[in-house]
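First the structure, in the form of structure tokens, and then the observations on it.
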Amino acid sequence: MDSNPPPHLSNTTSVVRALLITDLVGSTRLIERLGDRRAARLLAQEEEQARHLARHYNGQEIDRSDGFLFLFDHAWQAVGFALDYHRVLKDLSSDLPLQLQGRVGIHVGETYLTPNAPEHVARGAKQVEVSGLAKPIAARLMTAANPGQTLLSGTAFDLAARPCIEHLPKDSTLHWHAHGAWLLKGVEQPVQVHAVAHDLRTAAREPLENDKVRSLRRRQRRRLLLTGIGTAAAVALPLGYWKWHDNALRDWESKWLVVADWQLEQGNADLAAVLATAFRIALQQSRFAYVMDPGAVLLALQRMRGEPPVGREEAIEIARRESAAAAIIPSFTKFGGGLLLSAELVEAVTERTIAAAQEQIADLGGLTVALDRLSTQIRRNVGEPGTSVQRDALPLAKVTTANLDALRLYSQVDDLMQQRKGEEAIAALERAIVLDPQFASAHAKLGTVHAIRRSELSVSEKHWRIAASLQERLTPRERMYVDGCISWTEDPVVMRARWGGMVSKFPDDAAAVNNAALVEWTHFGNLVAAERGFRLGIPIPHRWNYVIWHHLGYVEMGQGRVAEGLSSFKESLKRAEHPAHFGIVRAQLLAGETDQAMELLARFRDNGSVSWRADQCDAEVLAHVFVGKPEAALAVAERQREMAITEKFRTAERMGLRNKALLLAEQGDKQAAHATARVLHELLRADLGALQGGGLLLPPFDAMMLTAFAARMGWQAGEFEMPEALQGRWIRFPSVLAAERLTRAWRALNAGKAPEALRLAREGRDYMSLYAFFELEVAAYTALGETVSRNDRLRQARKLLHQGFGENFSYLSTHLENLQAWQRMGKLEASAQPSTGDAKPKGE
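Note that this note's numbering has the sequence shown beginning at 1, numbered continuously upward.
Here is the structure:
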């Protein structure tokens, strides 16, 4: 007898695959309701559509009986198939007297594939047999799924959740829901079970138990009720920690938590603010659960037409509407001669109490320690391992301050900034630092407030560096944030690494996500990567979310999608009743909505802080130039400069001088333009020499653009030299290198060296494809007599004004220069081809 196995059995291979098993619910009832013939046609359609979807997601069909067994290379492909399969069944049911529904189970694991012998396949056997533990796990999950539901194992969830964001359609909303640990027959260890669906209710439906699948959580709950422990706990809640059941929120994809306002019997608003700030800082040390920004909570309350405070019912409803996992209900009362702090964790969808924690203290001196303990218990019940809680739970007294008065002042700042009371916010932080000079978080926030107000960048850098020197007084999140802020004064490569690193570690941090995308946009000109980053930030519930929408509008516009950019700007305006930096005006001009742009400028004139008013003047100058009113634009530029002098806001002064110089030059008053540009250039030179850093506002880029402007106007080539401060680290900025090549190109062209000018332009475009290169290249091709190339660049430039409006976002942006260049090239194009006219672009 031959001891060697048949050749086909020796070909068994071991692979790791995503297994997906489907089952069509109620197929027998379907035949009864529709009849054999109609049911057969319908089932054939279901079969054909399922196979089509499998091919679309690169799946391999293994078996077909009451349902399908498919193998996929990646877990996200299995999830994509499952979601589309449920949609197909819904579509097929549109004209039926009953709803077609399926169940789907997905698991990823080691799978053994054995091809059947050809003679067996010829007699009806499957081509490949699948074996291994992964198959029964997927099958058990399928049997536990409700009709219309897809269940995944914890392994499949871990491998699918993030790739789904990248690979599945961006307009499809996914809801993930964790259903805790389950016991599957034939599997030794409990399996974490998750659900995924396009709607939250389907994902949140509790899976079905059967003789092969049992919920560990329900089993524990039944045991508690049988022994009377559950009843006793519900009647008498002891001090300390009490847990209703294990694994309640474990492994949730959406671990956002909504924290209600602290309930104080005495109504002490200052103490409530201190408690809210300290408790949030303690919770935010977790990398397993994300705390919804309190400003975003209030915005959600407004959308519900509610009024503060945010109580228990409001917090649960907000959590449900915002797809958060749970709400935390904290309270503070007098108890037994001392003080009692408590917090209840409530699941959003079911409104079940998951856990409650209490801490008693003798007086306010023990407040931060009690909050530390309270937050630790909550963190453990949202799925965070004990080792992580221990590692990432620095004492509040250390990472904030032991001085409650300093903490009270610090807790006021976010609300003051929301109310646009920047000076009061700065004063509160300065007083907090006087009370505790080692209050690192206060130093960090003071640097940020100065940067937001765009007042003294040297002051911002000073406080960021003080905070960095007190790293042991910062949480891990704050350390990365401060390092990121300091990187603004260093090198774009460092900026990209630091902000990108923070996003990887804290993907819930809106500031980090926004800043990482901002670096790609403003420093590298990578609009595609920037858009991807801003879109990651859109779902993060934060009070400054409108800023991300605003930035997204710019990068959409820069890529030629003006209508989408305008929509994003309008979304930003809807979320905050002022058009941040007036990007919306630029998009309206491009879309041909000039009347709307002017109405918006009039509506918000002189409304808000001095920095917003300076931006408004910038947008107003641009709008007047666009519609052919240079005198009106010049009057606004002068008003901008006068406002800056009155308000002592240096940034606005430089913006006004820049606008005035450009407008005078365009009107032909070169002597006045020259004198104005000289004043601005010297101011920028002094700025660069005084600042340790300054990358935040990109002054080197703007100084270079002014130098290029001077060369273009044919002034003395060496009159405006590059400031020494632009050497060294600044020369590593791609934007500076591009502008430097542009300057040299214009000088080469003025010296009669057109080929060298074109070579320098090509080098500059490799660093950043500035719109200003178009005019330089048009002039160089004209000098060389290359009419075809010249006209080609003219046509491109006239179609791409959106690029000039979307390429940068600095406090001395080049938008006006780009618009003026576009208009000059329009005149050239019209003279070359009179029939083309000078039409303004509308939503390229």
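The C-beta atom is built at its ideal place from N, Cα and C for all residues, glycine as well.
Does DSSP put leucine 174 in a helix, a strand or coil? coil
Cα-Cα separation between serine 65 and isoleucine 21, rounded to whole angstroms: 11 angstroms
Quick one: grab the DSSP three-state call for threonine 111. strand
According to DSSP, what are the bridge partners of arginine 214? Leu183
Please confirm if the region 652-663 is in contact with the region 623-636, defined as three or more CB-CB distances below 8 angstroms between the two stretches. yes
Rounded to whole angstroms, how far is the Cβ of tyrosine 767 from the Cβ of leucine 737, which I believe are closer than 8 angstroms? 4 angstroms
Return the CA-CA distance between glycine 525 and arginine 535, expressed in angstroms with no decimal places. 17 angstroms
Checking the sheet assignment: what are the DSSP bridge partners for alanine 18? Phe72 and Val108
Alpha helix (DSSP H) segment containing tryptophan 612, residue limits: 610-626
Threshold first: 4 residues or longer. Then list the alpha helix (DSSP H) segments lying entirely within the region 360-431, N to C. 367-380, 386-391, 396-399, 404-411 and 413-418
Could you check which residue in Thr28, Ile354 and Phe68 has the C-alpha nearest to that of leucine 19? Phe68
Quick check on aspartate 792: does DSSP put it in helix, strand or coil? helix
May I ask which residues mark the beginning and end of the alpha helix (DSSP H) holding leucine 518? 510-522
Proline 541, buried or exposed, once every other Cβ within 10 Å from all chains shown has been counted against 16: buried
Contact set for glutamine 99: own chain, Cβ-Cβ below 7 angstroms, skip 5 residues either direction: Ser93
Pair within 8 angstroms by beta-carbon distance, leucine 589 and alanine 563: no
Shortest alpha-carbon distance to valine 482 belongs to which of Arg453, Thr448 and Thr368? Thr448
If you draw a straight line from the C-alpha of threonine 594 to the C-alpha of asparagine 818, how long is it? 18 angstroms
Residue closest to serine 868, alpha-carbon to alpha-carbon, out of Arg352, Pro309, Ala348 and Glu322: With the chain represented from 1 up to 844, any question about residue 868 goes unanswered, as that position is not in the structure.
Taking the beta strand (DSSP E) that histidine 194 belongs to, which residues open and close that run? 191-197
Contact belief for histidine 175 with aspartate 199 at Cβ below 8 angstroms, rounded distance in angstroms: 7 angstroms
Whose C-beta lies closer than 7 angstroms to the C-beta of alanine 440 among residues of the same chain, with five residues either side of it excluded? Ala467, Leu470, Arg473 and Leu474
Can you check which of these residues, Gln284, Ala319 and Met825, is closest to leucine 301 by C-alpha distance? Ala319
Burial state of isoleucine 364, where buried means 16 or more other Cβ atoms lie within 10 Å: One detail in the question is off: residue 364 reads as leucine in this sequence, not isoleucine. Answer is exposed; the Cβ neighbour count stays below 16.
Beta-carbon gap between glycine 132 and threonine 114 smaller than 8 angstroms: no
For arginine 641, name the three-state secondary structure that DSSP assigns. helix
Just to confirm, is the Cβ distance from arginine 798 to glycine 764 under 8 angstroms? no
Let me check understanding here. Comparing Cα to Cα, which of Trp499, Glu777 and Trp822 lies closest to leucine 758? Glu777
Whose CA, out of Ala197, Thr202 and Val193, lies closest to the CA of valine 213? Val193
First and last residue of the uninterrupted alpha helix (DSSP H) at valine 449: 440-453
Do you know how far the Cα of aspartate 508 is from the Cα of proline 476? 14 angstroms
Which term fits methionine 655, buried or exposed, when burial requires 16 or more other beta carbons within 10 angstroms of its beta carbon? buried
Taking buried to mean at least 16 other C-beta atoms within 10 Å of its own C-beta, is proline 395 buried or exposed? exposed
Which residue's Cα is closest to the Cα of valine 79: Ile62, Gln101, His107 and Pro755? His107
What do you get for glutamine 859, buried or exposed, if any count of 16 or more other CB atoms within 10 angstroms of its CB means buried? It is not possible to answer for residue 859, since the shown part of the chain is limited to 1 through 844.
Can you list, in chain order, the residues of its chain whose CB lies under 6 angstroms from that of alanine 156, leaving out five sequence neighbours each side? Ala75, Ile106, His107 and Val108
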